[in-house]
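Chemist:
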Amino acid sequence: MPTATEKSGFWRGFLAGLPFVIVVIPFAMLFGVVATEAGLPLYQVMAFSFLVIAGASQFTALQFMSENAPTIVVLASALAVNLRMVMYSAALTPHLGSQPLWKRVFLSYFLVDQTYLLSATEYENRPDQTAAQKAAFFFGCMIPICPMWYLFTWVGAAVGEQIPASLGIDFIVPIAFLAMVSPALRTPAHIAAAFVSIVLALALFWIPFNLGLLVAALVAMITGAEIERRMS
Amino acid sequence: MNYSTAEIWWIIAILGVGTFLIRFSFLGLIGSRPMPEWVLRHLRYTAVAILPGLVAPLVLWPTATNGELDPARLMAAVAVVAIGYWFKAVVWAMITGTVVLYSMQYLLG
């Protein structure tokens with residue numbers, strides 16, 4: 005039985021996730037449109053969004069597939085885009101690792117940028133919750149985000165009309181990520197980590213499969229941790 | 037696109053399983069085993085270490101403009117960070133960014 009505090013955590017998560025509906029809808033539609041135009045039948049478009057449930061890597065796979073890249077290249081590049089989620093998984097483990105295995109399976113399946121970031125922020129602001137309360141918050145965040153991903157992939161595939169690039173829908177996702185991460189710039193260590201991340205990601209952008217980003221992220225994490233250690 | 041239907045199913049299935057295993061990695065294998073303090077210290081910087089680097093090329097070299105710097109997108113990004121940083125208001129930062137993006141696109145043609 006969920007306790008009262010778990011329920012309130014769930015609804016707090018739901019409210020935190022709700023604004024991201026306006027991000028997920030255009031992004032999901034765009035995937036549906038682009039995948040359909042690339043020639044995928046509806047059930048394969050939907051299988052993509054259900055099984056992979058990771059926008060950036062779905063677009064990456066599609067990009068390489070429309071160039072008729074070798075299958076291994078499609079897989080390697082799309083999976084490399086998702087490697088950042090290893091770090092998300094690690095970062096949430098101290099909070100959620102004690103949950104039963106079946107719950108961790110679901111937590112993992114729904115571990116996307118938004119659920120990770122909203123939950124990580126919540127756990128930092130309210131560290132004293134039980135793991136079950138923390139998981140309830142996570143699932144609350146997921147409700148307005150992940151089902152919308154499926155639904156609007158379908159709408160995009162069904163509508164099938166090209167969304168003009170001039171609308172700037174491509175920029176909805178960067179706006180959402182920046183809005184989520186800038187409140188986290190609380191200390192000099194956080195700011196330094198973000199700075200290193202930007203500089204190195206740009207400098208290493210030429211490395212294929214997005215691997216430059218992973219190097220940038222690792223060095224940025226070391227930077228943040230090292231500054232924290234020296235300042236404490 | 038000239039893959040067979042079976043090949044596309046394989047791609048989707050392997051991506052699905054692979055992505056799940058990536059997400060499950062630490063949550064699944066480490067579980068409740070305690071991690072050393074130095075690891076936890078690094079993990080506290082995960083978000084600020086990944087997302088700025090993920091977004092920076094999208095801000096400076098947007099695909100929609102064929103990689104050319106776009107003043108509207110740049111100003112929108114600056115506005116989002118400013119609101120998010122000073123007011124810690126995620127939703128307002130998103131709204132402001134969207135308004136800045138569209139008004140700049142309108143003004144700059």
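Chains as they are written, first to last, in my numbering: chain A, 5 to 236; chain B, 37 to 145.
Note that beta-carbon positions come from the ideal geometry of N, C-alpha and C, so glycine has one too.
Remember, it's a predicted structure, so these values are computed and weren't measured experimentally.
Classify W210 of chain A as helix, strand or coil using the three-state DSSP reduction.
Modeler: Locating residue 210 of chain A in the first sequence gives position 206, counting from the first residue. Correct three-state label for W210 of chain A: coil.
Chemist: For D31 of chain B, tell me which candidate among A:A221, A:A220, A:F175, A:R233 has the shortest Cα-Cα distance.
Modeler: Given that chain B is displayed from residue 37 to residue 145, the structure contains no residue 31 of chain B and the question cannot be resolved.
Chemist: In whole angstroms, what separates the C-alpha of P23 of chain A from that of G120 of chain B?
Modeler: The residue given as residue 23 of chain A occupies position 19 in the first sequence. The residue given as residue 120 of chain B occupies position 84 in the second sequence. Going from the Cα of P23 of chain A to the Cα of G120 of chain B covers about 15 angstroms.
Chemist: List, in order along the chain, the chain A residues whose C-beta lies closer than 7 angstroms to that of Y142 of chain B?
Modeler: Sequence index remark: in the second sequence, residue 142 of chain B carries index 106 (1-based). Residues of chain A passing the Cβ test: none, with the nearest at roughly 11 angstroms.
Chemist: With a threshold of 6 angstroms on Cβ separation, who are the neighbours of T157 of chain A within its own chain once the five nearest residues in sequence on each side are excluded?
Modeler: Looking up residue 157 of chain A in the first sequence gives position 153. Excluding residues within five positions, the ones whose Cβ falls inside 6 angstroms are A32, F35, G36, S53.
Chemist: How about I57 of chain A and V116 of chain A: do their beta carbons lie closer than 9 angstroms?
Modeler: To locate residue 57 of chain A, count along the first sequence from 1; it is residue 53. To locate residue 116 of chain A, count along the first sequence from 1; it is residue 112. A contact, by the Cβ cut-off of 9 angstroms.
Chemist: When the Cα atoms are used, what is the spatial distance from L137 of chain B to L87 of chain B?
Modeler: Against the second sequence, residue 137 of chain B aligns to sequence position 101. Against the second sequence, residue 87 of chain B aligns to sequence position 51. Approximately 20 angstroms between the Cα atoms of the pair.
Chemist: For L215 of chain A, which of A:M146, A:A82, A:A180, A:V159 has the nearest alpha-carbon?
Modeler: The residue labelled residue 215 of chain A in the question sits at position 211 within the first sequence. Per the Cα distances, A:A82.
Chemist: How is M146 of chain A classed by DSSP in three states: helix, strand or coil?
Modeler: As a position in the first sequence, residue 146 of chain A is number 142, starting the count at 1. DSSP places M146 of chain A in helix when its eight states are reduced to three.
Chemist: Could you tell me which chain A residues have their CB closer than 8 angstroms to the CB of P107 of chain B, listed as they occur along the chain?
Modeler: Walking along the second sequence from the start, residue 107 of chain B turns up at place 71. Residues of chain A passing the Cβ test: none, with the nearest at roughly 12 angstroms.
Chemist: With distances taken from CA atoms, which of A:A124, A:E71, A:N86, A:F63 is nearest V84 of chain B?
Modeler: For the purposes of this step, residue 84 of chain B is identified with residue 48 of the second sequence, where counting begins at 1. Per the Cα distances, A:A124.
Chemist: Would the beta-carbon of L79 of chain B fall within 9 angstroms of that of M225 of chain A?
Modeler: Numbered from 1 along the second sequence, position 43 holds the residue referred to as residue 79 of chain B. Numbered from 1 along the first sequence, position 221 holds the residue referred to as residue 225 of chain A. In contact: L79 of chain B and M225 of chain A (Cβ atoms closer than 9 angstroms).
Chemist: Output needed in chain order: residues of the region 86-99 of chain A with a Cβ under 9 angstroms from some Cβ in chain B.
Modeler: Going along the region 86-99 of chain A in chain order, one finds N86, L87, R88, M89, V90, M91, Y92, S93, A94, A95, L96, T97, P98 with a Cβ nearer than 9 angstroms to chain B.
Chemist: Specify, as a first and last residue, the run of the alpha helix (DSSP H) that S53 of chain A falls within.
Modeler: The residue given as residue 53 of chain A occupies position 49 in the first sequence. Here the alpha helix (DSSP H) through S53 of chain A covers 46-55.
Chemist: Please give the ranges of any alpha helix (DSSP H) in the region 57-107 of chain A, keeping only runs that are unbroken, at least 4 residues long and fully inside the region.
Modeler: Qualifying alpha helix (DSSP H) stretches, in chain order: 59-70, 75-86, 88-100.
Chemist: How is G13 of chain A classed by DSSP in three states: helix, strand or coil?
Modeler: Reading the first sequence from its first residue, position 9 is the one you call residue 13 of chain A. Reduced to three states, the DSSP call for G13 of chain A is helix.
Chemist: If I follow the unbroken alpha helix (DSSP H) through D132 of chain A, where does it start and stop?
Modeler: Residue mapping note: residue 132 of chain A aligns to position 128 of the first sequence, counting from 1. Segment: none, D132 of chain A is in no alpha helix (DSSP H) and carries neither H nor E.
Chemist: Alpha carbons only, please: which of A:L222, A:S61, A:Y92 is nearest the one belonging to V78 of chain A?
Modeler: For the purposes of this step, residue 78 of chain A is taken as residue 74 along the first sequence, with counting starting at 1. Out of A:L222, A:S61, A:Y92, A:S61 has the C-alpha closest to the C-alpha of V78 of chain A.
Chemist: Grouping DSSP H, G and I as helix and E and B as strand, with all else coil, what is E128 of chain A?
Modeler: To locate residue 128 of chain A, count along the first sequence from 1; it is residue 124. In this structure, E128 of chain A counts as helix in the three-state DSSP scheme.
Chemist: Sorry if obvious, but does the Cβ on A197 of chain A come closer than 8 angstroms to a heavy atom of the ligand GTP?
Modeler: As far as ligands go, the structure on display features none, and thus does not contain the ligand GTP.
Chemist: Count the CB pairs spanning the region 120-135 of chain B and the region 182-196 of chain A that are closer than 8 angstroms, and state whether there are at least three.
Modeler: Segments in contact, yes.
Chemist: Spatial neighbours of W153 of chain A within its chain, please: CB distance less than 7 angstroms, with the 5 preceding and 5 following residues excluded, ordered by chain position.
Modeler: Indexing the first sequence from 1 puts residue 153 of chain A at position 149. The answer, listed in chain order, is V28, A32, S53, I57.
Chemist: State the Cα-Cα distance for the pair T64 of chain A and F209 of chain A, rounded to the nearest angstrom.
Modeler: Counting from 1 along the first sequence, the entry for residue 64 of chain A is found at position 60. Counting from 1 along the first sequence, the entry for residue 209 of chain A is found at position 205. Whole-angstrom Cα-Cα distance: 15 angstroms.
Chemist: Do you know whose CA, among A:P45, A:A8, A:L105, A:A196, lies nearest I231 of chain A's CA?
Modeler: Here residue 231 of chain A corresponds to residue number 227 of the first sequence, with the count starting at 1. Out of A:P45, A:A8, A:L105, A:A196, A:A196 has the C-alpha closest to the C-alpha of I231 of chain A.
Chemist: With a Cβ-Cβ cutoff of 9 angstroms, do G101 of chain A and S139 of chain B count as a contact?
Modeler: Stepping through the first sequence from its first residue, residue 101 of chain A is reached at position 97. Stepping through the second sequence from its first residue, residue 139 of chain B is reached at position 103. Contact flag unset, no.
Chemist: On the CB-based measure, 16 or more other CB atoms within 10 Å of its CB, does G160 of chain A come out buried or exposed?
Modeler: Along the first sequence, read from residue 1 onward, the residue named residue 160 of chain A stands at position 156. When all chains shown are included, G160 of chain A counts as buried.
Chemist: Please name the residue, chosen from A:L55, A:T9, A:Q133, A:T227, that lies closest to A193 of chain A on a Cα-to-Cα basis.
Modeler: Residue 193 of chain A sits at position 189 when you count from the first residue of the first sequence. The candidate whose alpha carbon is nearest that of A193 of chain A is A:T227.
Chemist: Does A129 of chain B pass the burial test, meaning 16 or more other C-beta atoms within 10 Å, or should it be called exposed?
Modeler: Reading the second sequence from its first residue, position 93 is the one you call residue 129 of chain B. Under this definition A129 of chain B is a buried residue.
Chemist: Please report whether the beta-carbon of Y120 of chain A lies at a distance below 9 angstroms from any beta-carbon of chain B.
Modeler: The count along the first sequence starts at 1 and reaches residue 120 of chain A at position 116. Answer yes: the Cβ-Cβ gap between Y120 of chain A and chain B drops below 9 angstroms somewhere.
Chemist: Can you check whether the CB of Y39 of chain B is closer than 9 angstroms to the CB of I47 of chain B?
Modeler: Position 11 of the second sequence, counted from the start, is the residue given in the question as residue 47 of chain B. Position 3 of the second sequence, counted from the start, is the residue given in the question as residue 39 of chain B. Yes, these two residues count as a Cβ contact at 9 angstroms.
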